[in-house]
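Participant:
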Amino acid sequence: MSARAKIIALHGGLLVLLFVLQFILPAYHHGNLARIMVLASYAVGYNILFGYTGLLSLGHALFFAAGMYGMGLGIQHLGLTVAPAMLAGVIAGAVVSGALALLALRTAGVAFMIVTLMFAQAGYLTVLYFGEYTRGDEGFVIQQAQRMLWGIDLSDPTNRYFAALMLFALCLIVSLWLVRHPFGKTLIAIRENEERVRMLGYNIYTHKLIAMVVSGTISATAGAAYGLLFGYAGASFASVQYSIFPLLWVLLGGAGTVLGPFIGTLFMFYLIDLSSGITTAYMLIAGVVLVLLTLFAPQGLAGELRNRIWRWLP
Amino acid sequence: MTILSTQELSRHFDGLQAVRNVSLGIPAGQVRALIGPNGAGKTTLVGMISGRIPPSSGRVHFDGADITALPAHVRIRRGMAYTFQITSVFERLPAQENVTLAARRHLKAPEVDSATLEALERVGLLELRDQEAGDLAYGHQRLLEIAMGLVQRPRLLILDEPTQGLTDSEIAGFKKLVRELAGKTTILLIEHNMNVVMEVADQVTVLNFGEVLAEGTPDDIRADRAVQAAYLGTG
Ligand SMILES: Nc1ncnc2c1ncn2[C@@H]1O[C@H](COP(=O)(O)OP(=O)(O)O)[C@@H](O)[C@H]1O
Ligand SMILES: [Mg+2]
Chain B
1 MSARAKIIAL
11 HGGLLVLLFV
21 LQFILPAYHH
31 GNLARIMVLA
41 SYAVGYNILF
51 GYTGLLSLGH
61 ALFFAAGMYG
71 MGLGIQHLGL
81 TVAPAMLAGV
91 IAGAVVSGAL
101 ALLALRTAGV
111 AFMIVTLMFA
121 QAGYLTVLYF
131 GEYTRGDEGF
141 VIQQAQRMLW
151 GIDLSDPTNR
161 YFAALMLFAL
171 CLIVSLWLVR
181 HPFGKTLIAI
191 RENEERVRML
201 GYNIYTHKLI
211 AMVVSGTISA
221 TAGAAYGLLF
231 GYAGASFASV
241 QYSIFPLLWV
251 LLGGAGTVLG
261 PFIGTLFMFY
271 LIDLSSGITT
281 AYMLIAGVVL
291 VLLTLFAPQG
301 LAGELRNRIW
311 RWLP
Chain X
315 MTILSTQELS
325 RHFDGLQAVR
335 NVSLGIPAGQ
345 VRALIGPNGA
355 GKTTLVGMIS
365 GRIPPSSGRV
375 HFDGADITAL
385 PAHVRIRRGM
395 AYTFQITSVF
405 ERLPAQENVT
415 LAARRHLKAP
425 EVDSATLEAL
435 ERVGLLELRD
445 QEAGDLAYGH
455 QRLLEIAMGL
465 VQRPRLLILD
475 EPTQGLTDSE
485 IAGFKKLVRE
495 LAGKTTILLI
505 EHNMNVVMEV
515 ADQVTVLNFG
525 EVLAEGTPDD
535 IRADRAVQAA
545 YLGTG
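Right, here's the structure in full:
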């Protein structure tokens with residue numbers, strides 16, 4: 001089998017598996033998986049910037065929240081229906097990530113981390129400041145009646161699962177296409193050796209700018225979908241915690257692999273879920289497992305898979 | 315026609331004057347060797363020509379235009395190719411992908427694959443194209459650098475000590491390559507191996523303590539007493 005055929009079989013296989021699982025899984029896991037697929041879409045977006053371009057952002061919650069509030073406020077205060085509200089979320093993400101890219105890409109390394117962190121924090125405070133509209137920490141519920149898309153009730157678990165799967169499939173395919181496209185390969189090269197890429201005649205700045213907008217827009221799309229599918233928007237999604245999550249998921253699953261974000265999100269979700277069922281000190285168990293993973297699988301789960309058996313893994 | 319010229323180009327690093335008032339003019343198609351002891355300022359000079367290092371003063375003209383203010387990637391787009399003295403390949407990418415990245419910026423999509431394979435063939439790395447660049451022997455990494463320069467089909471090819479670490483037969487291959495390119499491609503070659511300089515250069519510029527000490531044909535330079543004293547150590 002050619003590498004291309006293997007790649008299609010593996011990634012397509014995962015999507016088919018996720019499709020079939022909805023008929024088999026008990027309600028509890030069914031709901032979890034819908035949530036995981038949306039969060040994994042967020043991680044896919046994060047991975048484009050961090051895993052493939054090599055830029056460590058600590059501010060992606062800003063994009064996730066831009067999507068969530070672009071969508072949520074549109075529904076709540078402008079009376080938008082679902083499709084235009086989703087579009088508003090996506091556009092908000094693109095604009096915010098473009099603006100932050102223009103500012104943050106003047107820096108590199110640790111300064112880039114700090115600038116993204118600070119702007120995301122400013123975004124979080126903005127959400128709190130405009131509490132009259134956003135309802136701050138408390139957040140606001142998006143009612144069932146507001147979550148109808150073309151007559152389909154997105155609060156219904158089956159529809160929700162299917163919508164989450166569509167979103168995840170779209171993000172996965174975009175990410176797979178991107179990293180096999182010459183533009184994505186140039187991003188990988190920038191991650192590997194930026195100065196060399198510059199001296200081959202590439203404009204590093206525009207490449208990073210585009211990568212950041214693509215990454216931010218995917219993250220925002222996930223944020224908008226999360227608010228819509230689970231019916232709630234709140235300031236906690238703009239907090240620093242939600243900037244750290246995708247970093248952890250991607251690191252665990254394998255930075256710079258297409259499947260890594262999903263694997264990492266799934267793993268982390270169930271790690272916390274299972275350990276909190278055993279003990280109240282579940283963060284301790286989660287912490288120990290994370291340390292073990294960084295020791296024994298520093299490239300993340302999919303990264304180790306690529307290093308050891310599947311060299312062709314994109 | 316002069317394709318590349320520098321006017322009074324200088325660069326200092328804090329108190330250290332690495333390059334001082336260097337004015338060069340290289341006619342299109344010439345193979346120009348740049349020689350001089352370690353620390354003479356050769357890498358700094360080509361860094362200013364290619365845009366990696368901003369000059370403290372002076373100007374650079376390429377192909378009739380003043381490019382002093384242009385960023386490196388734009389100069390490369392205009393037909394310069396730069397190979398690094400300290401090997402700078404994409405270690406975790408296959409050799410072929412290294413060359414493809416170089417080709418893609420300069421050639422039309424349908425040409426990229428064949429041009430990549432041709433460049434690898436010319437430096438003798440075709441068989442090793444699937445190996446990760448970081449796994450290649452040092453000399454092979456040097457050759458990969460050269461292939462990355464070649465594949466861009468540059469009008470000006472800047473090579474910073476390309477033969478360092480090559481075996482005798484690889485050096486012979488390199489000399490042949492330069493002779494094939496000569497006339498069509500302008501080459502600025504920093505080279506320590508005098509053998510190579512004498513055989514391939516049309517003209518030689520000697521740099522010493524950041525200044526041009528002498529300029530002439532290889533034979534002139536070999537006969538120059540100042541050069542012998544400063545550099546060849548035979549004066
Ligand atoms: N980035 C730098 N910072 C400080 N000094 C430098 C730097 N680059 C080069 N130099 C100094 O400038 C001088 C010329 O260096 P270089 O151009 O690398 O010489 P060459 O290539 O002829 O060996 C040396 O003394 C070197 O130490
Ligand atoms: Mg040097």
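Sequences listed follow chains B and X, in order.
Counting in the numbering used here, the first sequence runs from 1 upward without gaps.
Counting in the numbering used here, the second sequence runs from 315 upward without gaps.
Ideal Cβ positions, reconstructed from N, Cα and C, are used throughout, including at glycine.
1. If residue 175 of chain B and residue 258 of chain B are in contact, beta carbons under 8 Å, what's the gap, nearest whole angstrom?
2. Are the Cβ atoms of residue 302 of chain B and residue 260 of chain B separated by less than 8 Å?
3. So, does the CB of residue 452 of chain X fall closer than 8 Å to a CB anywhere in chain B?
4. Mind listing the chain X neighbours of residue 186 of chain B? Cutoff is C-beta to C-beta under 9 Å, in chain order.
5. Which residues in the same chain as residue 374 of chain X place their Cβ atom closer than 7 Å to its Cβ, once the five residues preceding and following it in sequence are excluded?
6. Whole-angstrom Cβ separation of residue 409 of chain X and residue 447 of chain X, contact assumed at under 8 Å?
7. Three-state secondary structure (DSSP) at residue 506 of chain X?
8. Should residue 469 of chain X be flagged as near chain B, meaning a C-beta pair shorter than 8 Å?
9. Would you mind working out which of B/77, B/118, B/134 and B/162 sits nearest residue 20 of chain B, comparing C-alpha positions?
10. Name, please, each residue of chain X whose Cβ falls closer than 7 Å to the Cβ of residue 203 of chain B.
11. Between residue 464 of chain X and the rest of its own chain, which residues show a CB-CB distance below 6 Å, the 5 nearest in sequence each way excluded?
12. Report whether the distance from the Cβ of residue 323 of chain X to the nearest heavy atom of ligand 1 is below 7 Å.
13. Determine, for residue 327 of chain X, whether the minimum Cβ-Cβ distance to residues of chain B falls below 8 Å.
14. Identify each residue in the region 356 to 385 of chain X for which the Cβ-Cβ distance to at least one residue of chain B is less than 9 Å, and report them in chain order.
15. Whose beta carbon lies closer than 7 Å to any heavy atom of ligand 2, going through the chain in order?
16. Roughly how many angstroms separate the alpha carbons of residue 480 of chain X and residue 494 of chain X, rounded to a whole number?
17. Using three-state DSSP, classify residue 25 of chain B as helix, strand or coil.
18. Classify residue 41 of chain B: buried if its beta carbon has 16 or more other beta carbons within 10 angstroms, exposed otherwise.
19. Taking 8 Å as the threshold (beta carbon to beta carbon), is residue 391 of chain X in contact with chain B?
20. Smallest Cα separation from residue 89 of chain B: which of B/103, B/105, B/77 and B/67?
21. Is residue 352 of chain X near ligand 1, judged by its Cβ being under 7 Å from some heavy atom?
22. Going along chain C, which residues have a C-beta under 8 Å from residue 407 of chain X?
23. Expressed to the nearest angstrom, what Euclidean distance is found between the alpha-carbon atoms of residue 77 of chain B and residue 292 of chain B?
24. Counting contacts by CB-CB distance shorter than 8 Å, is residue 404 of chain X in contact with chain B?
25. Keeping to the same chain, check which residues put their C-beta closer than 7 Å to that of residue 160 of chain B; ignore five residues upstream and five downstream.
26. Report all residues from its chain with a CB closer than 7 Å to the CB of residue 217 of chain B; omit the five preceding and five following residues, and keep chain order.
27. Chain X beta carbons: is any one of them nearer than 8 Å to that of residue 84 of chain B?
28. Classify residue 281 of chain B as buried or exposed, calling it buried when 16 or more other Cβ atoms lie within 10 Å of its own Cβ.
29. So which residues on chain X does residue 196 of chain B lean against when the C-beta distance must stay under 8 Å?
30. Pull up the DSSP beta-bridge partners for residue 140 of chain B, would you.
31. Kindly provide the ranges of any alpha helix (DSSP H) runs that are 4 or more residues long and lie completely inside the region 366 to 406 of chain X, ordered along the chain.
32. From the DSSP output, read off the bridge partner residues of residue 320 of chain X.
33. What residues match up with residue 474 of chain X in a beta bridge as DSSP calls it?
34. Excluding the 5 residues preceding and the 5 following residue 444 of chain X in the sequence, name in chain order all residues of the same chain whose CB lies nearer than 8 Å to its CB.
35. Could you give the DSSP three-state label for residue 108 of chain B: helix, strand or coil?
36. For the alpha helix (DSSP H) containing residue 360 of chain X, list its first residue and its last residue.
Facilitator: The relevant details are as follows:
1. 5 Å
2. yes
3. no
4. 415, 418 and 419
5. 320, 323, 362, 363, 381 and 382
6. 5 Å
7. coil
8. no
9. B/162
10. 387
11. 433
12. no
13. no
14. 364, 365, 366 and 385
15. X/356, X/357, X/399, X/474, X/475 and X/504
16. 19 Å
17. coil
18. buried
19. yes
20. B/67
21. yes
22. Protein chains B and X are contained in the structure displayed, whereas chain C is not.
23. 47 Å
24. yes
25. 34, 154 and 229
26. 90, 93, 94 and 97
27. no
28. exposed
29. 398, 402, 403 and 404
30. B/233
31. 386 to 391
32. X/338 and X/374
33. X/504
34. 408, 409 and 410
35. coil
36. 356 to 364
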